[in-house]
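All remarks here apply to the structure that follows.
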Amino acid sequence: MRRSLPALLAASALLFAACGGSGEAETTTTGAPPSSLAAATTTAATTTSAPDATTTTTLVPGSPSPLNGLPVDDPDLLDRRVMAVKVDNHWNARPQSGLQEADAVVEILVEGGLTRLIALFHQSDSAYVGPVRSVRPTDSAMLAPLGAPLVFSGGQDWIQSLAVTRGISLIGEGTAGLFRMSHRWAPHNLYANTTDARGTADERGYDDEFDGPLYAIAAWQEDPPASANSITLDWGPGHKVTWTYDDGLYYRAEGTQAHNWVDRAGQGDQLAFEVLVVIAGRQYVAYPPPGGKSSVPAIETLGTGRLLIFAHGKVLEGTWERDAVDEAFRLFDGEGNPVTVPPGIPWISVFPQQQPLVWE
């Protein structure tokens, strides 16, 4: 049944106070937890377009996007499906394309301390997103509340099966919406057109509905007192990401180099976002079932864990809670009061809690 978007947004404004465990808990085989944790310990509830680099967003009348809280002129766009595109973040894949047009971006850990990205398109679309790469277990855990089809370039069979089990439809190479570019070497040369990928989803009969937001979005009544103008996330060996706040935007750097985007015409700029959300969870090893291939790192997003929200040059510290992968995250401050993420294009980091994260 198609859900009413106004009802969903009203529920968001109420901070998901009535959210219950509507989904079934999953059984996940995990590796041993780290001996020391950076801040909060995750308790698993299981048995085992981005703004221009020189502008800020001005709120004007319109229906608010459930992905970022910003007004949308055409409310019909908010009742359609979210499209997700898995984007490479290897150094040979930079600068990427399409991230600057996304309604939200999610960053997840993969092997060797590297990360990959999920660009989310709801009211927006992009004709040039990529490079596109393969699926990982944490992808479907983050996409399940949205019910978003994932545009991807492959992955182990057991990980694809896990995504399908969680309700994620997959759109891979060889379908309308994906194409390779000759100016880059494989595997960093597959790109996507989200409008064409929507057409593929239509042809396959995938639901063209918006399932629900990732978390509650509403303006803060007042900013937190603590400032945060420079934020560094240490994802693993040799991979530090720094965000620097300036005039309403957080500018991203990989190591000491600005992290840029580029469009198909070769024009580009530094990636900059209005809101940073950190969902910190326990890192574990996701093992394949018997007959599967190799294990991969993943981040626990069920139970509870540390939350950080950076906006307006300030930081709010708290915790997140979630009981099932198809539920939204419930967010709380350090005293246990429900909180929201303020409007603005967000970059959401699903971060290993044992790794250093500092700001000043």
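Residues in the sequence shown are numbered consecutively from 0, following numbering that gives the first Met the number 0.
All residues carry an ideal CB built from backbone N, CA and C; glycine is no exception.
Any idea which residues DSSP pairs residue i with across the strands?
i	result
glutamine 256	Glu253
threonine 241	Thr231 and Ala252
serine 62	Val71
alanine 285	Val295
proline 337	Phe331
tryptophan 358	Ile230
glutamine 278	With the sequence shown as reference, residue 278 is identified as isoleucine, and glutamine is not the correct amino acid for it. According to DSSP, isoleucine 278 bridges with Leu306 and Val349.
valine 361	Absent from the structure is residue 361, since the part of the chain shown begins at 0 and ends at 359.
valine 128	Ala191
alanine 271	Tyr250
arginine 179	Leu189
On the DSSP letters alone, give me the boundaries of the beta strand (DSSP E) that residue i sits inside.
i	result
glutamate 320	313–321
threonine 174	No beta strand (DSSP E) contains threonine 174, which DSSP labels as neither H nor E.
isoleucine 347	345–351
valine 105	103–108
isoleucine 117	114–120
Per DSSP, what kind of secondary structure is residue i in: helix, strand or coil?
i	result
serine 160	helix
glycine 265	coil
alanine 92	helix
glycine 211	coil
proline 33	Below a pLDDT of 50, predicted positions are generally treated as unreliable, and proline 33, at 32, falls in that range; the measurement from the model is reported next regardless. Three-state result, proline 33: coil.
Which residues mark the beginning and the end of the alpha helix (DSSP H) in which residue i is found?
i	result
methionine 141	136–142
threonine 199	193–202
Can the beta-carbon of residue i be found less than 8 Å from the beta-carbon of residue j?
i	j	result
alanine 191	valine 128	yes
isoleucine 344	alanine 126	no
glutamate 110	valine 295	yes
leucine 330	tryptophan 346	no
methionine 82	arginine 203	no
valine 338	aspartate 332	yes
glycine 68	proline 342	yes
leucine 213	proline 144	yes
alanine 327	glycine 211	yes
histidine 121	serine 64	yes
isoleucine 117	methionine 141	yes
tyrosine 244	glycine 317	no
glutamate 221	valine 240	no
glycine 154	serine 133	yes
glycine 304	glutamine 352	yes
alanine 271	tyrosine 249	yes
glutamate 100	asparagine 228	no
valine 277	leucine 306	yes
glutamate 201	aspartate 207	The sequence as given places aspartate at residue 201; glutamate does not occur at that position. Their beta carbons are under 8 Å apart, which means aspartate 201 touches aspartate 207 by this criterion.
tryptophan 242	leucine 275	yes
histidine 238	histidine 89	no
proline 94	tryptophan 260	yes
phenylalanine 209	aspartate 322	no
With a threshold of 16 other CB atoms inside 10 Å of the CB of residue i, please say whether the residue is buried or exposed.
i	result
alanine 163	Sequence check: residue 163 is valine here, not alanine. That one is exposed.
glycine 146	buried
aspartate 138	buried
alanine 297	buried
alanine 92	buried
threonine 26	Here the model assigns threonine 26 a pLDDT of 34, short of 50, so the residue's position is not dependable, and the following value carries that caveat. It counts as exposed.
aspartate 73	exposed
asparagine 336	exposed
aspartate 246	exposed
serine 123	buried
serine 96	buried
serine 35	Low confidence applies here, because serine 35 scores a pLDDT of 29, under 50, leaving its location unreliable; read the following figure in that light. Burial call: exposed.
threonine 114	buried
alanine 215	buried
aspartate 156	exposed
asparagine 173	According to the sequence displayed, residue 173 carries glycine and not asparagine. Result: exposed.
histidine 182	exposed
glycine 265	exposed
glutamine 256	exposed
valine 84	buried
valine 357	exposed
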